[in-house]
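Comments concern the structure below.
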Ligand SMILES: Cc1ncc(COP(=O)(O)O)c(C=O)c1O
């Protein structure tokens, strides 16, 4: 069996989640909006999914809107808040290291006259709350910050940022917690945000389902129009099985976090140490303020894509960064924002662990990854660091 070290991209659906979902794909197939017995059964399951997810993340059930994933949750948050705030202002603030779900949504909003400010980060990928504060004006309506970075693992000082944002009136604070929620002591109330994006597939739930948490009293314009589902905030017949699966996945994670986080952190640290010992890489991201499951590196003078390919042939699945950027020749905007030159950024590697990662798998990766790095370094160095062949060559 190949070893899967790409849990930041997605995770396998866990058996308990699948079991919870199956009845909704079978006999409980009704449309939750139907008044008859079939509809009522589906409605009950959906309402219960709201309740259970809310309990697992520290929210009220009515504050959660199920979406088709983290990307849609973020689109709804940013577009919905930007348009709702349009009479007040047009300035939207985010960090320079957001996931494309945020970055590309903001770029889209620019076409409609919104002004987008991308606040820079330090060498570790961390934003200074003072810099966010300095970017705020009377015309600012939305601030968006990623809680834990999906490429380099760095956590942002979200509570401090929330304080600065809320010291001014009329600014909504969105947090992209898609990657971080499963891997932190997660409590929505304590984050200090108004809007929070979540996704099921990063926590052993199904792909294609997520949620946006909308704090009570937050004014948002719906971005999808049709029926009155999800309290008129997201039209369309609900993915009931997905919602049930998501709730179950978060519920299980909430119960096991205290045991899981230190275990995975220790495995990750062991793997990081073994890879660093090769002498062929440097670690990226913040050394301490980081998600416990992500090990991230820059291979010196080697294409990350070549390493990932060689490891795949050895039965170890890793990635060169964001799954969304795979196959593109674009270098990581996260690494360039952190100050790495483009040629160095091409050496990006990300190994991400999950609940199901075993010690034996980590042992094997500790042995094989340095070997493969050495082999690739010998065989296909990038000429100087002056721009070599494209990734995946
Ligand atoms: C930080 C972050 N935000 C947003 C997303 C997008 O979520 P989804 O894949 O559910 O659309 C991802 C995952 O790919 C992510 O890691």
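In the working numbering, the protein residues as written are 107 to 499. By construction, the Cβ of each residue, glycine as well, lies at the ideal position given by its N, Cα and C atoms.
Which of the three DSSP states, helix, strand or coil, is assigned to residue 122? helix
Local Cβ density within 10 Å of residue 292, reported as buried at 16 or more and exposed below that: buried
Answer yes or no: do residue 49 and residue 406 have a C-beta to C-beta separation smaller than 9 Å? With the chain represented from 107 up to 499, any question about residue 49 goes unanswered, as that position is not in the structure.
Please confirm if the region 351-363 is in contact with the region 267-282, defined as three or more CB-CB distances below 8 Å between the two stretches. no
State the DSSP-derived secondary structure class of residue 277, mapped to helix, strand or coil. coil
Taking the beta carbon of residue 439 as the centre, do at least 16 other beta carbons fall within 10 Å, making it buried, or is it exposed? buried
How big is the Cα-Cα spacing for residue 321 and residue 180? 14 Å
Identify the continuous beta strand (DSSP E) that holds residue 319 and give its terminal residues. 316-320
DSSP-derived helix/strand/coil call for residue 459: coil
Please return the same chain residues whose Cβ sits closer than 6 Å to the Cβ of residue 267, not counting the five positions on each side in sequence. 235, 238, 251
Using a threshold of 8 Å, is the CB atom of residue 238 nearer than that to any non-hydrogen atom of ligand 1? no
On the criterion of 16 or more Cβ atoms from any shown chain inside 10 Å, does residue 218 qualify as buried, or is it exposed? exposed
Verify the contact flag: residue 185, CB atom, against every heavy atom of ligand 1, threshold strictly below 8 Å. no
Taking 6 Å as the limit between beta carbons, can you name the residues of its chain near residue 347, skipping five residues before and five after? 127, 130, 131
Considering only residues of the region 235-259, which uninterrupted beta strand (DSSP E) runs meet the minimum length of 3 residues and lie entirely inside it, listed in chain order? 246-252
In terms of DSSP beta bridges, what is residue 388 paired with? 404
Would you identify the three-state DSSP class for residue 481, choosing helix, strand or coil? helix
Check the DSSP bridge columns for residue 454 and list the partner residues they point to. 404
Residues near residue 403 by beta carbon distance below 7 Å, same chain, minus five either side: 381, 387, 388, 389, 390, 455
Out of 202, 336, 324, 310, point me to the one whose CA is closest to residue 317's CA. 336
Could you check whether the Cβ of residue 177 sits closer than 8 Å to any heavy atom belonging to ligand 1? yes
Using CA coordinates, which residue listed in 194, 114, 200 is at the minimum distance from residue 184? 200
Between residue 482 and residue 412, what straight-line distance do the alpha-carbon atoms span, to the nearest angstrom? 7 Å
Once you ignore the five residues that flank residue 358 on each side, which residues in its own chain have a CB closer than 8 Å to its CB? 120, 122, 123, 310
Just list the residues that DSSP pairs residue 172 with in beta bridges. 317
Between the Cα of residue 410 and those of 397, 392, 478, spot the shortest distance and give me the residue it belongs to. 478
Can you give me the Cβ contacts of residue 420 inside the same chain, cut-off strictly under 8 Å, excluding the 5 residues immediately before and after it? 474, 478
Closer than 8 Å: is that where the CB of residue 284 sits relative to any heavy atom of ligand 1? yes
Ligand 1 heavy atom lying under 8 Å from the CB of residue 207: yes
How about the region 281-299 and the region 326-343: do they share at least three Cβ pairs that are nearer than 8 Å? no
Runs of alpha helix (DSSP H) wholly within the region 184-218 (minimum 4 residues, chain order): 206-216
Within the same chain, show all residues whose beta-carbon is closer than 7 Å to that of residue 151, passing over the 5 residues directly before and after it, in chain order. 130, 134, 346, 350
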